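Asker: The following block contains the structure, expressed as structure tokens.
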Amino acid sequence: MTITQLRYVLAVAEYQNFTLAAEKSFVTQPTLSMQVQKLEDELDVQIFDRGKKPISVTEVGKKIVAQAKNIVNEANRIKDIVDQEKGYIGGDYTLGIIPTIMPTLLPMFLKTFITKYPKVNLILKEQNTESLIENLQDGHLDAAIAATPLEVDTIIERPLYYEPFVGYVPKNHRLGSYSTLEVENLDVSDILLLQDGHCFREGVLNLCKAPKKLGGDHFQLQSGSFETLINLSNEGLGMTLLPFLNTLELEDDKKQNLKYFKEPSPAREVSLIYHKSELKIQITEALRNVISGVVRGAIAFQDVKIISPLNK
Numbered sequence: 001m002t003i004t005q006l007r008y009v010l011a012v013a014e015y016q017n018f019t020l021a022a023e024k025s026f027v028t029q030p031t032l033s034m035q036v037q038k039l040e041d042e043l044d045v046q047i048f049d050r051g052k053k054p055i056s057v058t059e060v061g062k063k064i065v066a067q068a069k070n071i072v073n074e075a076n077r078i079k080d081i082v083d084q085e086k087g088y089i090g091g092d093y094t095l096g097i098i099p100t101i102m103p104t105l106l107p108m109f110l111k112t113f114i115t116k117y118p119k120v121n122l123i124l125k126e127q128n129t130e131s132l133i134e135n136l137q138d139g140h141l142d143a144a145i146a147a148t149p150l151e152v153d154t155i156i157e158r159p160l161y162y163e164p165f166v167g168y169v170p171k172n173h174r175l176g177s178y179s180t181l182e183v184e185n186l187d188v189s190d191i192l193l194l195q196d197g198h199c200f201r202e203g204v205l206n207l208c209k210a211p212k213k214l215g216g217d218h219f220q221l222q223s224g225s226f227e228t229l230i231n232l233s234n235e236g237l238g239m240t241l242l243p244f245l246n247t248l249e250l251e252d253d254k255k256q257n258l259k260y261f262k263e264p265s266p267a268r269e270v271s272l273i274y275h276k277s278e279l280k281i282q283i284t285e286a287l288r289n290v291i292s293g294v295v296r297g298a299i300a301f302q303d304v305k306i307i308s309p310l311n312k
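Just so you know, we're using UniProt numbering here: the sequence shown kicks off at 1 and counts up by one.
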């Protein structure tokens, strides 16, 4: 049994296709198939049911795949140990970021990070929270940036900053004359929301203590864009709530429609999250330090009330 064979088994289990697994593993399909077959022969069990399309994992195969993940992760730690001992910060590093954070946070830290750590090949992926968690657990991401708490046993959460919710309220709205907002002022029936799957939407619904399934009286909106929500709000279709960082680059006329909450402000906790195995922890720590440093100057709210992103 070899680490290489276990990597091939994990690839086939993921892609459910020998040809695609070989392509992703950068080997020929006959080579990969032969090594998987050798492992099955050695163990005297069938890991994959090749008679099904797509290929499926047998019951005993599921247990082998789970253990193979642990073994491969521990093998990867050996290189980590050597890198840390040498003080080396470099290599591929895959970072996932949720869509409501990436557009505002990424431009703030990316140039600083790649300048300070030129040997790191940073691979960035925009994914929703559910995908981030799954990919962290499967080893396809080294870390992620998401709204927390997520309460996942296998994942460590390291808060980066607290980002208040800010109301976008046109002057003709019923709250247009208010100087500040309180949670009690909100009515979820006239708040424009992001589409299902966005944790910021879940945060707003949790803030308003509203049901998760909402039906519009005249239209149903499925948008992942804060800009769309602002434009619809300007058309008199309701108000909306924005993350604080999304308000910094608004035009002056739109900033006049911003209304802040009385303290403690409702806010989301934004964290750097990673698997408890702590692979590539030296890069993770470097990334956290850079992000914390650049964000500190833009957002420094302390008197906040954290609103959970969990769909409760």
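Even glycine gets a Cβ: it sits at the ideal position worked out from N, Cα and C. These numbers were taken from a predicted model, which means no experiment stands behind them.
1. So, helix, strand or coil for residue 86, using DSSP?
2. Find the nearest neighbour of residue 62 within the set 101, 71, 21 and 10, judged by alpha-carbon distance.
3. Using CA atoms only, rank isn't needed, just tell me which of 226, 252, 256 and 234 is closest to residue 242.
4. Given residue 24, which residues of its chain have a CB within under 7 Å of its CB, disregarding the five upstream and five downstream residues?
5. Is residue 288 near the ligand MN - that is, is its Cβ less than 7 Å away from at least one heavy atom of it?
6. What's the C-alpha gap between residue 254 and residue 143?
7. Quick check on the burial criterion: 16 or more other C-beta atoms within 10 angstroms. Buried or exposed for residue 296?
8. Around the C-beta of residue 82, are 16 or more other C-beta atoms found within 10 angstroms, so that it is buried, or is it exposed?
9. Please report how far the alpha carbon of residue 130 lies from the alpha carbon of residue 292, in whole angstroms.
10. Which residue comes first and which comes last in the alpha helix (DSSP H) that contains residue 115?
11. Classify residue 225 as helix, strand or coil using the three-state DSSP reduction.
12. Alpha carbon to alpha carbon, how far is residue 114 from residue 107? Give it in angstroms, no decimals.
13. Determine the closest residue to residue 258 out of 165, 184 and 207, with distance taken between C-alpha atoms.
14. Would you decide whether residue 319 is buried or exposed? Buried here means 16 or more other CB atoms lie within 10 Å of its CB.
15. At the level of alpha carbons, what is the spacing between residue 271 and residue 45?
16. Rounded to whole angstroms, what is the Cα-Cα separation between residue 209 and residue 96?
17. Taking one C-beta from the region 148-167 and one from the region 112-127 each time, how about it: are there three or more such pairs within less than 8 Å?
18. Starting from residue 162, follow the beta strand (DSSP E) in both directions and report where the run begins and ends.
19. By how many angstroms is the C-alpha of residue 299 removed from the C-alpha of residue 64?
20. According to DSSP, is residue 77 helix, strand or coil?
21. Could you tell me which uninterrupted beta strand (DSSP E) segments, each at least 3 residues in length, are contained entirely in the region 233-262, listed from first to last along the chain?
22. Just grab the DSSP bridge partners of residue 306 for me.
23. Using DSSP's beta-bridge definition, name the partner residues of residue 181.
24. According to DSSP, is residue 91 part of a helix, a strand, or is it coil?
25. I'd like the span of the beta strand (DSSP E) that includes residue 24, first residue to last.
26. Grab me the residues of residue 138's own chain with a C-beta within less than 8 Å of its C-beta, minus the 5 sequence neighbours each way, in chain order.
27. Going by the DSSP bridge assignment, what does residue 126 pair with across the sheet?
28. State the Cα-Cα distance for the pair residue 55 and residue 33, rounded to the nearest angstrom.
29. Assign residue 200 to buried or exposed, taking buried as 16 or more other Cβ atoms, counted over all protein chains shown, within 10 Å of its Cβ.
30. Around the C-beta of residue 203, are 16 or more other C-beta atoms found within 10 angstroms, so that it is buried, or is it exposed?
31. Among residues of its own chain, excluding the 5 on either side of residue 170, which ones have a beta-carbon nearer than 8 Å to its beta-carbon?
Answerer: Reading off the structure:
1. helix
2. 10
3. 226
4. 11 and 15
5. With respect to small molecules bound, the structure shown includes none, and the ligand MN cannot be examined in it.
6. 35 Å
7. exposed
8. exposed
9. Each residue's CA atom was taken as its position, placing residue 130 and residue 292 some 24 Å apart.
10. 102-116
11. coil
12. 12 Å
13. When the alpha-carbon of residue 258 is set against those of 165, 184 and 207, the nearest one is in 165.
14. This structure leaves residue 319 out entirely; the chain is present only between 1 and 312.
15. So the two alpha carbons sit approximately 43 Å from each other.
16. A straight line joining the alpha-carbon of residue 209 with that of residue 96 spans about 29 Å.
17. no
18. 155-168
19. 47 Å
20. Helix.
21. Qualifying beta strand (DSSP E) stretches, in chain order: 239-243.
22. 267
23. According to DSSP, residue 181 bridges with 261.
24. strand
25. Residue range 18-25 is occupied by the alpha helix (DSSP H) that includes residue 24, with no beta strand (DSSP E) assigned at that position.
26. Closer than 8 Å at Cβ, skipping near neighbours: 14 and 69.
27. 97
28. 13 Å
29. buried
30. buried
31. 176, 233, 234, 236, 239 and 257
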